[in-house]
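Residue numbers (this note's numbering): 3 to 634. No residue lacks a Cβ here, since even glycine has one placed at the ideal position from N, Cα and C.
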């Protein structure tokens, strides 16, 4: 392009690089430049189609390709992408027909099987993708791309031996392929990782400190397994592989083949990879989190993907995974949903899928997760869980979403959204998020009374009291008064306590009053009064162990040892690499008579602090105590 700004081939290649790195804005810019050369530039059409397929939007790709193929019915690249679109829609008969047409035009060419295979892999159709990429590699044994894609696919599918063979061949053919090279390095290292087997899960990790967590996982995950499979009505046919990666770069290579992604865990179907929940250098660790809650979310993906042969719509698997988390909906998510409802920007069933892969603003993906779970709640309330299971069965057979909704819910997608919006409005009102009059209306009322100019309007203390006298049960006014009254962590007086209780009743979804009330109770020495408020706040927390630790201390002091152990266990899940947290939960387990749990955490301490002699001494003592237990 430095030599010729109007080089269509260079712009097309630049756009393809952007597509393959999920830089969809960059790909669109390349297409715009191609159309500046020629308004009907064929390579712009191909770029638009590839961009749509990479976004898993086969329908959009077909909408671009079909008019183009009407004009140019034998354009080979367009035919190959159109075949891939058929595959992504799970129409294997149409896919085979288009590949046969390409073979007629280009006998022995790897283009059709390659394009079909790499996009089938993106759609997690592992068996079909493996066959297509294998055929492409057979037809062009000197071409590295099909073999590299095959190796990456086998990594995603958890078939390590097949992945190793393909990646070694790919790197021998093209030593400059970084994705294949990074993945090969990891695949070779995985052979030496340690395994911890449960009934439904196999956990593996790099030998060393990560064993302190990996050894804990199988039993905890086996206990969780039934919650998920009973709800969804499906049990995976083989144990799920859990890979605990030592740092963020290792996880990224596992998931994408390159050392950068922005997530702590991901499910490819039969395999779930997550990074160790540790604090450290930002380039290596994203921080502590409750690994069991994260794996609960990812395991829903594993179950629903197998249940539907990986054909479940993207938004629906994410919605179910979020819905089946144990955490309540976060306050930030509630505010986001209320804003979307108020601004008429709730996603419909088309845009919610695109929000995951092509978000237009930074809050789109977060809204898609929480709105999707909200829509699942609506389906379950309106049609029952059986309807959800029927939808999953239809997706397994390759039924498209519009048809499935009509068959099971007996509404089209427009009617579904209309009814969902009524459900959403009722929820928001019950949460205190649609109070009337709105704050905007009251601000304008004050502006009119005071003659204030456009812009921010000051509502002073006297005027706020007047508004509260007029609207005593208005959550926005109560919150404004309370935030001012409690500014700087001021202790609430009797009036503030009364209004905190009123605000909490009017807006039960906001955990903030519980933090204030818990702090006030603890300051007054009334731990019993603090407990219900700490429990609420702890239920929202998945990366802060302080609330669980405080609850554990309180219940231990009250000799409620079963509850104390439950809270201490959650704290230890978040602080899995913190010796103090592990020592704390082990001590409570001994007091509660749960010696096996105590042993688990003391064993972990010998790995976390190998030079501390008391851990080995305590482990020997616990083993002695266990040996004296009666045989059951």
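The DSSP-derived three-state label of residue 378 is helix. If only complete runs of 4 or more residues are kept, the region 551-623 shows the alpha helix (DSSP H) at 563-576, 581-593, 597-610, in order along the chain.
Here residue 93 carries a coil assignment [DSSP, helix/strand/coil]. Annotation note: the region 474-507 contains the following uninterrupted alpha helix (DSSP H) runs of length 4 or greater, listed N- to C-terminal: 477-487. Contact between the region 448-468 and the region 422-439 is absent, with fewer than three C-beta pairs closer than 8 Å. As summarised for the region 310-382, the continuous alpha helix (DSSP H) elements at least 4 residues long and confined to that stretch are 316-325, 333-344, 353-359, given in chain order. When DSSP states are grouped into helix, strand and coil, residue 142 belongs to the coil group.
Here residue 19 is exposed, its C-beta having fewer than 16 other C-beta atoms within 10 Å. In this structure, DSSP gives residue 392 a helical state, which the three-state scheme calls helix. With contacts defined as CB atoms closer than 8 Å, residue 219 and residue 205 qualify as a contacting pair. Relative to residue 560, the option among 551, 582, 535, 529 whose CA is nearest is 529. Collapsing the DSSP output to three states places residue 244 in a strand. Under the three-state reduction of DSSP output, residue 70 falls in the helix class. Beta-bridge partners assigned by DSSP to residue 197: 206. Put simply, of 462, 463, 446 the residue whose alpha carbon is nearest the alpha carbon of residue 455 is 446. The C-beta separation of residue 503 from residue 484 comes to about 11 Å, leaving the pair out of contact by the 8 Å criterion.
Taking 8 Å as the cut-off, the beta carbon of residue 388 is found no closer than this to the beta carbon of residue 411. Residue pairing by DSSP places residue 274 opposite 244, 269 in a beta bridge. C-alpha of residue 284 to C-alpha of residue 576: approximately 18 Å in a straight line. At a Cβ-Cβ threshold of 8 Å, residue 539 and residue 554 do not count as neighbours.
Nearest neighbour of residue 292 by Cα position, chosen from 393, 215, 164, turns out to be 215. Under a 10 Å Cβ-count criterion, residue 208 is classified as buried, with 16 or more other Cβ atoms of the shown protein chains found around its own Cβ.
Here the alpha carbon of residue 55 sits roughly 44 Å from the alpha carbon of residue 580. DSSP places residue 5 in no alpha helix (DSSP H); its state is neither H nor E.
Between residue 60 and residue 90, the CB-CB gap stays under 8 Å. In the displayed model, residue 432 falls within a helix according to three-state DSSP. The region 360-377 and the region 397-416 do not touch, with fewer than three beta-carbon pairs separated by less than 8 Å. By the neighbour-count criterion, in which 16 or more other beta carbons inside 10 Å mark a residue as buried, residue 444 falls on the buried side.
Shortest Cα-Cα distance from residue 184 to any of 491, 145, 165 involves 165. For residue 231, the enclosing alpha helix (DSSP H) has its first and last residue at 219-234. Using a Cβ distance threshold of 8 Å, residue 17 and residue 49 count as a contacting pair.
For residue 21, the enclosing alpha helix (DSSP H) starts and ends at 10-22.
Remark: fewer than three beta-carbon pairs, one from each stretch, lie closer than 8 Å, so the region 585-598 and the region 323-331 are not flagged as touching. A direct Cα-Cα distance of roughly 25 Å separates residue 6 from residue 51.
When Cβ pairs closer than 8 Å are counted between the two stretches, the region 224-241 is seen not to touch the region 84-98, the count staying below three.
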